[in-house]
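Worksheet: one structure, shown below.
In this note's numbering, the protein residues as written are 60 to 325.
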């Protein structure tokens with residue numbers, strides 16, 4: 060409805076402008092019959108210029124807002140297809156972010172697994188080191204005990220040689236210790252009895268082997284615990300058989316069966 064009204068006003072303005080132009084032509088053209096310029100030219104030139112300026116302003120056509128409106132509508136329409144592309148870009152970015160997060164989780168899990176494996180290996184290594192050190196300490200303690208017991212026996216022998224008289228002995232009715240002698244204590248007893256020689260024989264020939272068994276005591280213990288060794292010379296018996304016979308004698312009668320050297324047994 061607005062466009063027909065604008066057109067009518069435009070026609071009216073053009074018509075008025077045409078009439079004004081004709082009048083101006085009449086005033087300005089001195090050759091026109093009855094031109095008013097001759098009469099008023101000397102008295103009112105500025106007024107004529109002002110009239111011309113007013114006519115020109117009125118004659119200028121008003122801008123049509125419709126094209127701008129159409130352009131705005133067209134531009135707004137062209138922006139619509141870009142929306143799905145933005146959405147797609149956001150979706151791709153989300154997928155990429157999810158992939159990065161999954162990769163970071165995988166790396167973290169692998170790092171934790173590697174750290175756990177290293178910790179377990181270090182823990183096992185630490186246990187192995189502790190066991191090794193404990194074994195070394197036990198061996199050092201055993202060697203120290205051996206050295207101490209042997210030194211005691213050597214001191215006893217030196218004292219016995221230098222001091223004539225009765226030798227202190229252990230009562231024969233001693234009770235055996237439940238745990239029994241340790242290997243180091245047995246070694247000290249053997250060193251005391253025969254200097255650790257399994258084939259040793261006393262000067263009188265009555266005591267034989269590392270533990271200086273008499274033949275009667277040997278056959279007595281063998282008849283109770285090791286019958287196959289009855290009649291065997293202790294000095295010719297295997298070291299393992301002599302050790303077994305000494306252990307059986309201790310279990311039965313305690314350390315009193317070695318009146319002097321039994322001091323090294325519990």
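Don't be surprised by glycine CBs; every beta carbon is placed ideally from N, CA and C.
No experiment lies behind these values; they were computed from the predicted model shown.
Could you check where the alpha helix (DSSP H) with residue i kicks off and where it finishes?
i           : result
residue 234 : Here residue 234 belongs to no alpha helix (DSSP H), and DSSP marks it neither H nor E.
residue 240 : Counting along the chain, residue 240 falls outside any alpha helix (DSSP H), and DSSP gives it neither H nor E.
residue 276 : 274-284
residue 308 : 298-312
I'd like to check one pair, residue j with residue i: are the Cβ atoms closer than 9 Å?
i           : j           : result
residue 179 : residue 208 : no
residue 46  : residue 302 : Shown here, the chain extends from 60 to 325; a query on residue 46 therefore has no answer.
residue 267 : residue 279 : no
residue 306 : residue 239 : yes
Comparing alpha-carbon positions, which option in the options lies nearest residue i?
i           : options               : result
residue 236 : 289, 245, 310 and 230 : 310
residue 234 : 76, 325, 199 and 272  : 325
residue 205 : 246, 238, 230 and 239 : 246
residue 210 : 254, 315 and 177      : 254
residue 248 : 269, 239 and 260      : 269
residue 294 : 265, 258, 201 and 185 : 258
residue 212 : 198, 252, 196 and 165 : 252
residue 283 : 308, 161 and 199      : 308
residue 200 : 317, 322, 185 and 241 : 241
residue 321 : 230, 193 and 165      : 230
residue 215 : 76, 323 and 77        : 323
Can you check whether the C-beta of residue i is within less than 9 Å of a C-beta belonging to chain C?
i           : result
residue 294 : Any reference to chain C falls outside this structure, which holds one protein chain only.
Is it buried or exposed for residue i, if we count other Cβ within 10 angstroms and need 16 for buried?
i           : result
residue 187 : exposed
residue 250 : buried
residue 281 : buried
residue 297 : exposed
residue 153 : exposed
residue 190 : exposed
residue 272 : buried
residue 314 : buried
residue 275 : exposed
residue 288 : buried
residue 182 : exposed
residue 149 : exposed
residue 158 : exposed
residue 202 : exposed
residue 74  : exposed
residue 97  : Residue placement at residue 97 cannot be trusted, given a pLDDT of 49 that sits under 50; what the coordinates show is reported in the next sentence. Exposed: under 16 other Cβ atoms inside 10 Å.
residue 196 : exposed
residue 137 : Bear in mind that a pLDDT of 48 at residue 137, under 50, signals an unreliable position, so the model cannot answer this.
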